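*Asks:* Sharing a structure here in structure tokens format.
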Amino acid sequence: MPSPQHIKIQDYDYPLPDERIAKYPVAKRDESKLLVYDKGNISHDVFKHITQYLSPGSLLVYNNTKVIQARIHFHKETGALIEVFLLEPHTPRDYEQTFQTRSDCSWVCLVGNLKKWKTGVLVRDIEIGGNIIQLSVERGEEESTGHVMHFSWSGGVSFSEILEAVGELPIPPYLNRKTEESDKTTYQTVYSKIKGSVAAPTAGLHFTDAVLSDIEAHGIERAEVTLHVGAGTFRPVKSEEIAGHEMHREYITVHRQTIEKILSHRGKVTAVGTTSVRTLESLYYIGCKLLVNPSLEEEELVVSNQWEPYDSTSSPEAEPTSVVALQAILRWMDQHQVNILNTSTKIIIVPGYKYHIVEKLITNFHQPKSTLLLLVSALIGEDWRKVYQYALDNDFRFLSYGDSSLLIPE
């Protein structure tokens, strides 16, 4: 196998006919198909039976992020339509604080039709609670991921209320359709609660309250993390080798009780979705940083180098265990008297990666030549081809609104 940086993305292609991309979800979330890959053996079932494939006493970790109505449209006086797509808060940088602001805030945004908006302030009126609110946006400086946009508004309402009134839920571009009212429900997990994502953690879309109750009844434990999914999740790999692809930054929040629960399961879990994987595996490397330097400040705990997991010169046997790494985080929390870890990650998981915390994965079927497909291959190796061919041969539905899989590696 080539070194991770020299993996050729063309080797992770497969034919995906447009008719296999699910444009809408199934009528009942938990009646989507479930492919089960168990140490090389493949079968299929219905998602609501997933507890039959999970061990009592095991731990499921899922992402509780909530998709925001991140698209806002403005018109110039000329009539030109300008779309502002919120990516991440800039001022204040904290998600909760920025949603609670009542007069102004700034976000890093993508801007559609930017060439027709050189300067000036764009304004639109919104009705909230019978009152007319005037919302303004002004272009700021350019950053690597977009432009900083300065929002201000009248009426003393929160920015969260502004988005509820005027924002549009962003559905994946490959659906090739406009957002519909039903998407506001179907493109959220039933356990979503922390606002911030611009795309859903789609592995969780199959869960219903009935499935969650069944999980509890079978003695399977649950814990939650938060990773706010960025628009970069849809960004295609354009470089021939994966080394040329820069991973996007995503913000994560993990509570002490989640880390303690993972430790009570010997540092091994079943992850619901690739976003949970990225969060959990980032925790391991944060713990490793703290083992080297326990006095790091929170802003120094970010996984800012996507290749950090591949830079180790020590043998795998010499690497800290997941338990040791997670215990280092708890000691750091004790030292700083905090119960919540807020940081960010740019981790990339590709073949050659060694999983430390994630033992099993629940996930949908991903786009050809995508970083998410590489993440799957890192878990089950070349068998990803068998899995995807089985899904194609058995009428599985693909991508965000598609069917699900449970992957259990050797």
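Numbering (the numbering used here), first residue to last: 1146 to 1555. Just so it is clear, CB atoms sit at the ideal spot from N, CA and C, and this is done for glycine as well. Here the structure is a predicted model, which means the values were calculated and not measured.
Do we get a CB-CB distance below 8 Å when we pair residue 1213 with the residues of chain C?
*Replies:* No chain C appears in this structure, which consists of one protein chain only.
*Asks:* Mind checking which residues open and close the alpha helix (DSSP H) that includes residue 1404?
*Replies:* If you number the sequence shown from 1, residue 1404 lands on position 259. According to the DSSP assignment, residue 1404 belongs to the alpha helix (DSSP H) that extends over 1401–1409.
*Asks:* Considering only DSSP beta bridges, list what residue 1367 is partnered with.
*Replies:* Here residue 1367 is taken as the residue at index 222 of the sequence shown, counted from 1. Paired residues: 1205.
*Asks:* Are three or more beta carbon pairs between the region 1411–1431 and the region 1200–1209 nearer than 8 Å?
*Replies:* yes
*Asks:* Between the C-alpha atoms of residue 1549 and residue 1197, what's the straight-line distance to the nearest angstrom?
*Replies:* Your numbering for residue 1549 matches position 404 in the sequence shown. Your numbering for residue 1197 matches position 52 in the sequence shown. Their backbone Cα atoms lie some 15 Å apart in a straight line.
*Asks:* Grab the span of the alpha helix (DSSP H) containing residue 1244 for me, first residue to last.
*Replies:* Indexing the sequence shown from 1 puts residue 1244 at position 99. Element bounds for residue 1244: 1240–1245.
*Asks:* So what does DSSP say about residue 1429, is it helix, strand or coil?
*Replies:* Translated into positions along the sequence shown, residue 1429 becomes position 284. Helix at residue 1429.
*Asks:* Can you tell me the Cα-Cα spacing of residue 1215 and residue 1233, whole angstroms?
*Replies:* Taking the first residue of the sequence shown as 1, we reach residue 1215 at position 70. Taking the first residue of the sequence shown as 1, we reach residue 1233 at position 88. Answer to the nearest angstrom: the Cα atoms are 10 Å apart.
*Asks:* Let's test the definition: count the other Cβ atoms within 10 Å of the Cβ of residue 1467 and tell me whether it reaches 16, buried, or not, exposed.
*Replies:* For this step, residue 1467 is matched to residue 322 along the sequence shown. Classification for residue 1467: buried.
*Asks:* Please classify residue 1533: does DSSP put it in a helix, a strand, or coil?
*Replies:* What you label residue 1533 is simply residue 388 of the sequence shown in a count that begins at 1. Helix at residue 1533.
*Asks:* Quick check: what's the CA-CA separation for residue 1556 versus residue 1518?
*Replies:* Outside the shown range of the chain, which is 1146 to 1555, sits residue 1556, and nothing can be said about it.
*Asks:* Nearest by alpha-carbon distance to residue 1251: which of 1225, 1282, 1270 is it?
*Replies:* The count along the sequence shown starts at 1 and reaches residue 1251 at position 106. Residue 1251 has its Cα closest to that of 1282, out of 1225, 1282, 1270.
*Asks:* Can you give the Cα-Cα distance for residue 1481 and residue 1442, rounded to whole angstroms?
*Replies:* Along the sequence shown, read from residue 1 onward, the residue named residue 1481 stands at position 336. Along the sequence shown, read from residue 1 onward, the residue named residue 1442 stands at position 297. Take the alpha-carbon of residue 1481 and the one of residue 1442: they are about 9 Å apart.
*Asks:* Closest by CA to residue 1195, which one among 1180, 1187, 1449, 1185?
*Replies:* Position 50 of the sequence shown, counting from 1, holds the residue named residue 1195. Minimum Cα distance to residue 1195 is reached at 1180.
*Asks:* Taking 6 Å as the limit between beta carbons, can you name the residues of its chain near residue 1291, skipping five residues before and five after?
*Replies:* On the sequence shown, position 146 is the one that residue 1291 refers to. Around residue 1291: 1232, 1253, 1254, 1255.
*Asks:* Out of 1326, 1504, 1328, which one is the CA nearest neighbour of residue 1421?
*Replies:* In the sequence shown, residue 1421 corresponds to position 276, counting from 1. It is 1504.
*Asks:* Taking Cβ to Cβ, would you say residue 1212 is nearer than 8 Å to residue 1319?
*Replies:* Translated into positions along the sequence shown, residue 1212 becomes position 67. Translated into positions along the sequence shown, residue 1319 becomes position 174. Contact flag unset, no.
*Asks:* Using a threshold of 8 Å, state whether the C-beta atoms of residue 1496 and residue 1149 are closer than that.
*Replies:* Residue numbering aside, residue 1496 sits at position 351 when the sequence shown is read from its first letter. Residue numbering aside, residue 1149 sits at position 4 when the sequence shown is read from its first letter. Contact flag set, yes.
*Asks:* Answer with buried or exposed for residue 1404, where buried requires no fewer than 16 other C-beta atoms within 10 angstroms of its C-beta.
*Replies:* The residue you call residue 1404 lines up with position 259 of the sequence shown. Buried: at least 16 other Cβ atoms inside 10 Å.
*Asks:* Only counting the same chain, and skipping five residues up and downstream in sequence, which positions put a Cβ closer than 6 Å to that of residue 1165?
*Replies:* Translated into positions along the sequence shown, residue 1165 becomes position 20. So the qualifying residues of the chain are 1543.
*Asks:* For residue 1523, collect the residues of the same chain with a Cβ closer than 6 Å to its Cβ; drop the 5 residues on either side in sequence, then sort them by chain order.
*Replies:* By one-based count along the sequence shown, residue 1523 stands at place 378. Here the set comprises 1494, 1495, 1496, 1498.
*Asks:* What are the partner residues of residue 1257, as DSSP defines its beta bridges?
*Replies:* Within the sequence shown, residue 1257 is the residue found at index 112, counting from 1. Paired residues: 1228.
*Asks:* Could you tell me which residues DSSP puts in a beta bridge with residue 1279?
*Replies:* Locating residue 1279 in the sequence shown gives position 134, where the first residue counts as 1. Answer by DSSP bridge pairing, in chain order: 1270.
*Asks:* From the DSSP secondary-structure annotation, give me the bridge partner or partners of residue 1249.
*Replies:* The residue given as residue 1249 occupies position 104 in the sequence shown. For residue 1249, the beta-bridge partners assigned by DSSP are 1297.
*Asks:* Exposed or buried, which one is residue 1151 when buried takes at least 16 other CB atoms within 10 Å?
*Replies:* As a first step, residue 1151 must be located in the sequence shown, where it is residue number 6. Exposed: under 16 other Cβ atoms inside 10 Å.
*Asks:* Taking C-beta to C-beta, are residue 1375 and residue 1343 nearer than 8 Å?
*Replies:* For the purposes of this step, residue 1375 is identified with residue 230 of the sequence shown, where counting begins at 1. For the purposes of this step, residue 1343 is identified with residue 198 of the sequence shown, where counting begins at 1. In contact: residue 1375 and residue 1343 (Cβ atoms closer than 8 Å).
*Asks:* By a C-beta neighbour count over all protein chains shown, 10 Å radius and 16 as the cutoff for buried, is residue 1346 buried or exposed?
*Replies:* Locating residue 1346 in the sequence shown gives position 201, counting from the first residue. So residue 1346 ends up on the buried side.
*Asks:* With the cut-off set at 8 Å, would you say residue 1153 and residue 1527 are in Cβ contact?
*Replies:* Numbered from 1 along the sequence shown, position 8 holds the residue referred to as residue 1153. Numbered from 1 along the sequence shown, position 382 holds the residue referred to as residue 1527. Not closer than 8 Å, so no.
*Asks:* Helix, strand or coil: which one does DSSP assign to residue 1416?
*Replies:* Working through the sequence shown from its first residue, we reach residue 1416 at position 271. Of the three classes helix, strand and coil, the one that applies to residue 1416 here is strand, per DSSP.
*Asks:* Please state the DSSP three-state secondary structure of residue 1500.
*Replies:* As a first step, residue 1500 is located in the sequence shown; it is residue number 355 there, counting from the start. Here DSSP, grouped into helix, strand and coil, assigns residue 1500 to coil.
*Asks:* Would the region 1262–1273 and the region 1238–1245 be scored as touching if the rule is three or more Cβ pairs under 8 Å?
*Replies:* no
*Asks:* Leaving out five residues before and five after residue 1380 in sequence, what residues of the same chain have Cβ atoms less than 8 Å from its Cβ?
*Replies:* Working through the sequence shown from its first residue, we reach residue 1380 at position 235. 1393.
*Asks:* For the alpha helix (DSSP H) containing residue 1329, name the first residue and the last one.
*Replies:* As a position in the sequence shown, residue 1329 is number 184, starting the count at 1. Under the DSSP assignment, residue 1329 falls in the alpha helix (DSSP H) whose first and last residues are 1328–1331.
*Asks:* Using DSSP's beta-bridge definition, name the partner residues of residue 1187.
*Replies:* On the sequence shown, residue 1187 is found 42 positions in, with the first residue counted as 1. Note: residue 1187 sits in a beta bridge opposite 1182.
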